[in-house]
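Asker: Residue numbers (this note's numbering), protein chains in the order written: chain H, 1 to 361; chain S, 362 to 514; chain W, 515 to 678. No residue lacks a Cβ here, since even glycine has one placed at the ideal position from N, Cα and C. Starting off with a structure, shown below.
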Amino acid sequence: MSRFPELTSGSRPVGVVSFAQYDNVRREGAHNEVEMLMPVVAEVFGSIGITKDDVGFICSGSTDYLVGGPFSFVTALDAVGVWPPRAESHVEMDGAWALYEAWVLLQEGEIDAALVYCFGRSSPGDLSEILALQLDPYYLAPLWPDPTSLAALQAQALIDSGKATEADFAAVASRSRRAALSNPKAQVAYDRTTEELLAEDYEVTPLRRHALPPLTDGAAAVVLAAGEKAYEWCERPAFITGIDHRIETHSIGARDLTVSPSTTLAGEKAGVGHKGVDVAELHAPYAHQELILAEALALDEGVSRNPSGGALAANPMMSAGLIRIGESAKAIWSGQAGRAVAHATSGPCLQQNLVCVLEGV
Amino acid sequence: MADQAEIYTADHVLEYPYLRSVGPVVGAFLTGLRDGKVLGTKGTGGRVIVPPTEYDPETGEETAGMVEVGPEGTVTTWTWVARPRPKHPLPEPFAWVLVRFDGADTSFLHVLKASGPEAVASGMRVRPEFRTEGERVGHVKDISHFVAAGGAP
Amino acid sequence: MSEREPVTMMAAPIHLDYVFTAGVAQSKNLHGLEEGKFIGQRCPKCKKVYTLSRGSCPTDGVPTDEIVELPNTGTVTTYCVVNVPFAGQSIEIPYICAQILLDGANLSFMGLIQEMPTDEVRMGMRVEAVWVEPDELGPTMASVKYFRPNGEPDADYETYKEYL
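Below, the structure is given as structure tokens:
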């Protein structure tokens, strides 16, 4: 039996071999971004006994709007220490897209390992206002619609389509928060029934508090290694067998919000349906979005969805997507899963989606 | 771990006085709003796109020509905001609505004034309330809000 | 139908409020400034001392935990004379803007040089900080009014050539 799985994307096996994340908290008031990242980077290297000298590329994901400081992604590099000068890149996106860039570079074969990290704080500013700025600047942003209101439009459309009910949203939240009880990094975890959750007041109809993600300050990091290097650092690497990302129009009124064609297409390109899936870590900040994603990826009932609690357990901006990949990798390292699907999203109402299929051998 | 009390924080304001060029398509739509009418553009297969874009959002093909739509339309989805945020268009509780103007094939985001969530539903007929001619400047908020067509429900 | 010109521009003002957190290391620096002192932080690996550290050694990526009190004196490593007026300028032109390496530090920072003719500034010039009045000191770089020549002979190029 080959030591490497069959690949749908790319031609070089690249594995997730290490993962670390900051404690997800409502407000990290004491430490700046560099101070948050340093322990995460130290852990992601230290847990597999390597240093920054062992990786040929560093790629990060973050957005300066969150802290209101220009080029915060450049200062964040001090958490790694880039002297002598390093090959580095940054995406103004979730770390999952930084991982994609690193994976592409690893496909070229010039380097064998890469560090991917990301950080995002929701506490310094008003996230609802900041995220309005990612919208169309002529038609949407001047109205300052907040992300929860936009998600609620999607949830109402889902109800109107007859595909789901408010009780279905509550069931997702109940399961996710219960699963989060066994995730030490979870910010919101509880054991409440669907009925209890349905007794909550609406935040904005038809979404109650339980259907919303928490506001989170956090950071995460992953080490990718190619070929034999992956086995050198990890007994059972989580190999990326398929990865793809797709985007839809930013004209929100031109989309059918009840479906996620970009997720479906990315899932097909990443080969989700080629074999059975044990675990799916879906980046669904709002409870109803998990239902849309599961349908888009055609996940059957047997798939364990968000055993970490997902983004409902902790939703650090620019990081919750990479954390889905990290949690999926953990499930493979432990043998709990043979094949996992990780998903990351960006933009309002699941506008852009990345799907990453991971397999152990 | 340092004592939280020793940590300095500071208020910090970020302001951008952006003045954006709107281009021929967005500009035509905003000019229409200023003149009290709603315009869309024709996309692939004659699909009418409102608010209009330079390209069909699905096919990416260039759009051509402006057509007047509405002013009435149908709510395609909605949400009730009981506690408006400071930057929201209305200070009192309101509904966000996606409105498909009569003659349009895509929907437009705006706010709807209503007595409460029980007075709002997908499929309801609505019409825009424009600001007065003197107040209109060529901006999406030249529409103050929507109301149920035919008066209060 | 309006007779007015078509709309070509749209005002899109943005205003966002933040609460900035300085973090552990920067708070120590700011506290020093409040007391009229420069604080340096030493890297446990390379032993370099950083002024105005954000808490990490930018070479080694490890916390700069050791606090080092730095003196008021330093060396101009490089400089420029500003002759161009710009919006928000608070100092009369021409003025000198210099990189200053405090004695015992391994990282320079930007400061103003005053109390001297602008055409006499030079690399290697020895300077000292002039602080605001004690009751005006605060957790800000504005606690340092400016630097001025301290009368010592210029530093040897060899002592600061690594910091240009």
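1. Report yes if the CB atom of glutamine 352 of chain H is closer than 8 Å to the CB atom of histidine 245 of chain H, and no otherwise.
2. Valine 521 of chain W CB to nearest chain H CB: under 8 Å?
3. Of all Cβ atoms in chain H, is any one closer than 8 Å to the Cβ of threonine 420 of chain S?
4. Check whether the Cβ of arginine 381 of chain S lies closer than 8 Å to any Cβ atom in chain W.
5. With a threshold of 7 Å on Cβ separation, who are the neighbours of aspartate 23 of chain H within its own chain once the five nearest residues in sequence on each side are excluded?
6. Can you check DSSP and say which residues form a bridge with valine 25 of chain H?
7. Residues of chain S with CB under 9 Å from glutamate 406 of chain H, in chain order?
8. Give the list of continuous beta strand (DSSP E) stretches no shorter than 3 residues that lie fully inside the segment 85-109 of chain H.
9. Give a yes or no on contact between the segment 519-539 of chain W and the segment 30-38 of chain H, applying the rule of three or more CB pairs nearer than 8 Å.
10. Does serine 657 of chain W get closer than 8 Å to chain C when you measure Cβ to Cβ?
11. With 8 Å as the threshold, decide whether the Cβ of threonine 530 of chain W is near any Cβ in chain S.
12. Under 7 Å Cβ to Cβ from glycine 68 of chain H, same chain only, skipping five residues before and after it: list those, please.
13. Between which two residues does the beta strand (DSSP E) carrying glutamate 580 of chain W extend?
14. How far does the alpha helix (DSSP H) with methionine 38 of chain H in it reach, from first residue to last?
15. Thinking C-alpha only, which one of W:Thr673, W:Tyr674, W:Ser657 and W:Glu676 is nearest asparagine 586 of chain W?
16. So threonine 437 of chain S and serine 483 of chain S are supposed to be a Cβ contact under 8 Å. How far apart are they, rounded?
17. Kindly indicate which residue of H:Glu327, H:Pro84, H:Met317 and H:Thr8 has the alpha-carbon position closest to the one of valine 442 of chain H.
18. When you compare each of H:Leu297, H:Val172 and H:Ala220 to glutamine 21 of chain H by their alpha carbons, which one comes out closest?
19. Note the first and the last residue of the continuous alpha helix (DSSP H) segment covering lysine 131 of chain H.
20. Can you name the start and end residues of the beta strand (DSSP E) that histidine 529 of chain W belongs to?
21. Return the first residue and the last residue of the beta strand (DSSP E) that tryptophan 83 of chain H is part of.
22. Given that glycine 554 of chain W touches chain H, what residues does it touch there, using C-beta distances under 8 Å?
23. By the 10 Å Cβ neighbour count, where 16 or more other Cβ atoms means buried, how is leucine 473 of chain S classified, buried or exposed?
24. Would you be able to state if there are at least three C-beta pairs under 8 Å between the segment 89-109 of chain H and the segment 197-208 of chain H?
25. According to the neighbour-count rule (16 or more other Cβ atoms, all chains shown, within 10 Å of its Cβ), is threonine 258 of chain H buried or exposed?
26. Restricting to runs no shorter than 3 residues, where is the beta strand (DSSP E) found entirely within the segment 363-425 of chain S?
27. Three or more C-beta pairs closer than 8 Å, one from the segment 269-289 of chain H and one from the segment 496-508 of chain S: is that the case here?
28. Between the segment 655-674 of chain W and the segment 556-563 of chain W, are three or more C-beta pairs nearer than 8 Å?
29. Can you confirm whether lysine 502 of chain S, when its beta carbon is compared against all beta carbons of chain H, has any partner nearer than 8 Å?
30. Return no unless some Cβ of chain H is closer than 8 Å to the Cβ of aspartate 574 of chain W.
31. Which first and last residues belong to the beta strand (DSSP E) in which tyrosine 202 of chain H is found?
32. Using a beta-carbon distance cut-off of less than 7 Å, what residues from the segment 608-641 of chain W approach chain H?
33. Looking at lysine 52 of chain H and glycine 575 of chain W, is the spacing between their C-beta atoms short of 8 Å?
34. Below 8 Å between beta carbons: does that hold for valine 508 of chain S and phenylalanine 469 of chain S?
35. Can threonine 467 of chain S and serine 251 of chain H be called in contact, C-beta distance under 8 Å?
36. With leucine 380 of chain S and alanine 601 of chain W assumed to form a contact (beta carbons below 8 Å), what rounded beta-carbon distance in angstroms separates them?
Answerer: Reading from the atomic positions:
1. Result yes, Cβ atoms of glutamine 352 of chain H and histidine 245 of chain H sit closer than 8 Å.
2. For valine 521 of chain W, the answer is no, since every Cβ of chain H falls outside 8 Å of its Cβ.
3. So no, threonine 420 of chain S is outside the interface.
4. Closer than 8 Å: yes.
5. Excluding residues within five positions, the ones whose Cβ falls inside 7 Å are Lys185.
6. According to DSSP, which records beta bridges pairwise, valine 25 of chain H is partnered with H:Asp217.
7. Chain H is shown only over 1 to 361; residue 406 of chain H falls outside these bounds and no answer can be derived.
8. Here the runs fully enclosed are 88-91.
9. Yes, they touch.
10. Considering every chain present, this structure includes no chain C. Its protein chains are H, S and W.
11. The sequence shown places leucine at residue 530 of chain W, rather than the threonine named in the question. Leucine 530 of chain W counts as touching chain S.
12. Same-chain partners within the cutoff: Pro124 and Gly125.
13. Boundaries of the beta strand (DSSP E) harbouring glutamate 580 of chain W: 580-584, taken from the DSSP string.
14. For methionine 38 of chain H, the uninterrupted alpha helix (DSSP H) segment begins and ends at 33-46.
15. The candidate whose alpha carbon is nearest that of asparagine 586 of chain W is W:Ser657.
16. Right, their Cβ atoms sit about 6 Å apart.
17. Summary: the structure shown does not reach residue 442 of chain H, with chain H confined to residues 1 through 361, and so no result is reported for it.
18. Of H:Leu297, H:Val172 and H:Ala220, the residue nearest in Cα terms is H:Ala220.
19. In the sequence as displayed, the identity of residue 131 of chain H is leucine instead of lysine. Taken as a continuous stretch (DSSP letters only), the alpha helix (DSSP H) holding leucine 131 of chain H covers 127-132.
20. Start and end: 523-535.
21. That residue, tryptophan 83 of chain H, is in no beta strand (DSSP E); it is neither H nor E in DSSP.
22. Contact of glycine 554 of chain W with chain H by beta-carbon distance below 8 Å is absent, the smallest such distance being about 16 Å.
23. Of the residues assessed, leucine 473 of chain S falls on the buried side of the cut-off, its CB having 16 or more other CB atoms within 10 angstroms.
24. With the cut-off at 8 Å, the segment 197-208 of chain H and the segment 89-109 of chain H do not touch.
25. Taking all protein chains in view, the Cβ of threonine 258 of chain H is crowded by 16 or more other Cβ atoms within 10 Å, so the residue is classified as buried.
26. At a cut-off of 3 residues, the continuous stretches assigned as beta strand (DSSP E) that sit fully inside the segment 363-425 of chain S are 370-382 and 399-403.
27. The segment 269-289 of chain H, when compared against the segment 496-508 of chain S, does not touch it at the 8 Å Cβ threshold.
28. Under the 8 Å Cβ criterion, the segment 655-674 of chain W does not count as touching the segment 556-563 of chain W, having fewer than three qualifying pairs.
29. Chain H has a Cβ within less than 8 Å of the Cβ of lysine 502 of chain S.
30. Aspartate 574 of chain W counts as touching chain H.
31. Per DSSP, the continuous beta strand (DSSP E) segment holding tyrosine 202 of chain H begins and ends at 202-204.
32. Within the segment 608-641 of chain W, no residue has its Cβ closer than 7 Å to any Cβ of chain H.
33. In this structure, lysine 52 of chain H lies closer than 8 Å to glycine 575 of chain W by Cβ.
34. Contact: no.
35. Threonine 467 of chain S places its beta carbon less than 8 Å from that of serine 251 of chain H.
36. Leucine 380 of chain S to alanine 601 of chain W, Cβ: 17 Å. No contact.
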